[in-house]
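Under the numbering used here, the final residue of the sequence shown carries the number 631; numbering is consecutive throughout. Below is one structure, written out as structure tokens; the observations come after it.
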Amino acid sequence: MKVHLQYQETFDSTAPIVATFRNGPPPPNQRKDLTFEVFENPIKKQRLVLASSEKMAYQGANFGYLGSSHDFSNYAVGVYDKKTKEVRLCNVNQIYVMQQAIKNLSENVDDNRGEKKSLMEKRRDLVVVFGSKKSKRMQKNREENIVDHENISGATSVAQTLMKKISAAQRKLDEERAQDGSFLVEKAALAATRNALLPPCDIDAPTPDLVYDLTKFMDSTVMDSLTIMAEEVIEALQTTSVAEYATSLGLASLPTRLIMSLPTPYDVNKMCLVVYVAFMIDFYNSRFPLRKSAAIFSEEKGIPLVVVRHFLKLFTDISEGNNGYPTYFQSKAMKDKLSLYLIVVALTVNGFSLDLTEVGSDLKRSAIQIQAYARQLGCIVEKVKAEATAYGGASKKQINRAVLSVPLHFPLPKRGGPARR
């Protein structure tokens, strides 16, 4: 007896569908009436298999909750041809697990259940079920752009209450200063500047990671949006190198270096901060004053709308414009504030030690200015030898490195000297 093996790729394209029934096979008296239908999306390579009889129905799929995502086996099926007496072996990508469903259950469902929904609600439902990550992000931006007039009502009374609290706090502060014999105007001015420009800071924190709490200015909605972007970046880096990915997107030097410094597998939270740094650099280099809506700016820059609104609120001054949109200004103080926040986030990603070379390059600022920013954050700036891996063969190059350590080292307040003649 001789056996000849022959494989052709056409066998796989005509492979039969192999299915198993989770609750056991149908009763023998129903198997003759069992009919199968296959629905396929060739672009997404998704397939839905339906089996139905007079009373029962079964369904299986290779995607969603019906797919067997944890099946790591490979299968092959042999089809015997009685005429040629040959067995054709076919590769089977998946065994469909058929789940039982009661037939005609949907007959009692109201077909007009979506009539009362608006066009936006219908579109949202479609995007939630069938949309890609990008379309879901765009849908979320559209929903956030809707103004709820009920939330605006009462804003005047809230503003008046806040003004009363601010006035009371100012009076209390003036009384405390009058009783404090060690109060210095220079020290108070430096503290006021620090509070206005620096991120929320705990000067007495025992460890560097507790000095600047990023969650105090990056809320959950911003982090949710950044998480979606970070997952897309991590997915892209599975098939391409960091250098190629950065070149394809025109990524700035600092976020590229931060990604290279991250260990693999990548941490989603740290990748969120890297994406945030990249958005900050793009926002910093934008042209101001900005006379367009946040939604239009978001579409032009490719930055999520929730992040754009976060930046505009934190790093710009707003005034009413003549074109129906507010005008956003970015003064020198606001640019300084953005630079300080950027360095804090980059320090957090890189273990509270940061080479300031890329920061100055991306922000187009001199090394002296970047060092001054780092010192205002309480960092120690030291000259060290550059790593050979970072600058190729120029390992003798000296770089400025900022290190955030406790206790913090803020610059001393400068007192006025005699006038120059």
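Note that beta-carbon positions come from the ideal geometry of N, C-alpha and C, so glycine has one too.
To the nearest angstrom, how far is the alpha carbon of residue 488 from that of residue 425?
The sequence position of residue 488 within the sequence shown is 278, counting from 1. The sequence position of residue 425 within the sequence shown is 215, counting from 1. Looking at the two C-alpha atoms, the distance is approximately 18 Å.
Report the partner residues of residue 257 according to the DSSP bridge assignment.
Here residue 257 corresponds to residue number 47 of the sequence shown, with the count starting at 1. Residue 257 is bridged to 250.
How big is the Cα-Cα spacing for residue 566 and residue 460?
On the sequence shown, position 356 is the one that residue 566 refers to. On the sequence shown, position 250 is the one that residue 460 refers to. Computed Cα separation, rounded: 20 Å.
With DSSP run on the structure shown, which of helix, strand or coil describes residue 672?
This structure gives no information on residue 672, because the portion of the chain shown stretches from 211 to 631.
Return the chain-ordered list of same chain residues with a C-beta closer than 6 Å to the C-beta of residue 249, the five sequence neighbours on each side being excluded.
Walking along the sequence shown from the start, residue 249 turns up at place 39. The residues are 258.
Helix, strand or coil for residue 234, going by three-state DSSP, please let me know.
Locating residue 234 in the sequence shown gives position 24, where the first residue counts as 1. Correct three-state label for residue 234: coil.
Whole angstroms are fine: how far does the CA of residue 588 sit from the CA of residue 418?
Taking the sequence shown and counting its residues from 1, one reaches residue 418 at position 208. Taking the sequence shown and counting its residues from 1, one reaches residue 588 at position 378. The straight-line gap from Cα to Cα measures roughly 10 Å.
Measure the C-alpha to C-alpha separation of residue 229 and residue 551 and round it to an integer number of angstroms.
Counting from one through the sequence shown, the residue named residue 229 turns up at place 19. Counting from one through the sequence shown, the residue named residue 551 turns up at place 341. So the two alpha carbons sit approximately 56 Å from each other.
What does a CB cutoff of less than 7 Å around residue 599 pick up in its chain, not counting 5 residues either side in sequence?
For this step, residue 599 is matched to residue 389 along the sequence shown. Residue placement at residue 599 is flagged as unreliable, the pLDDT there being 45, under the threshold of 50; a coordinate-derived value is accordingly withheld.
Apart from the five residues just before and just after residue 423, which ones in its own chain have a Cβ nearer than 6 Å to its Cβ?
Residue numbering aside, residue 423 sits at position 213 when the sequence shown is read from its first letter. Here the set comprises 410.
If you measure between the beta carbons of residue 579 and residue 591, is that distance less than 8 Å?
For the purposes of this step, residue 579 is identified with residue 369 of the sequence shown, where counting begins at 1. For the purposes of this step, residue 591 is identified with residue 381 of the sequence shown, where counting begins at 1. No, they are not a contact pair.
How is the beta strand (DSSP E) around residue 608 delimited, first residue to last?
The residue you call residue 608 lines up with position 398 of the sequence shown. Per DSSP, residue 608 belongs to the beta strand (DSSP E) from 608-613.
State buried or exposed for residue 614, treating a residue as buried only when at least 16 other CB atoms are found within 10 Å of its CB.
By one-based count along the sequence shown, residue 614 stands at place 404. Buried: at least 16 other Cβ atoms inside 10 Å.
Alpha carbon to alpha carbon, how far is residue 609 from residue 570?
Indexing the sequence shown from 1 puts residue 609 at position 399. Indexing the sequence shown from 1 puts residue 570 at position 360. C-alpha separation (whole angstroms): 12 Å.
Here's the rule I'm using: 16 or more other beta-carbon atoms within 10 Å means buried, otherwise exposed. How should residue 603 be labelled?
Your numbering for residue 603 matches position 393 in the sequence shown. Caution is warranted here: a pLDDT of 49 is assigned to residue 603, below 50, making its placement in the model unreliable, and the coordinate value is therefore given only provisionally. Residue 603 should be labelled exposed.
Quick one: give me the first and last residue of the alpha helix (DSSP H) that residue 465 is part of.
Along the sequence shown, read from residue 1 onward, the residue named residue 465 stands at position 255. Segment 463-471, the alpha helix (DSSP H) holding residue 465.
For residue 308, write down the residues that DSSP places opposite it in a beta bridge.
Within the sequence shown, numbered from 1, the residue matching residue 308 stands at position 98. According to DSSP, which records beta bridges pairwise, residue 308 is partnered with 231.
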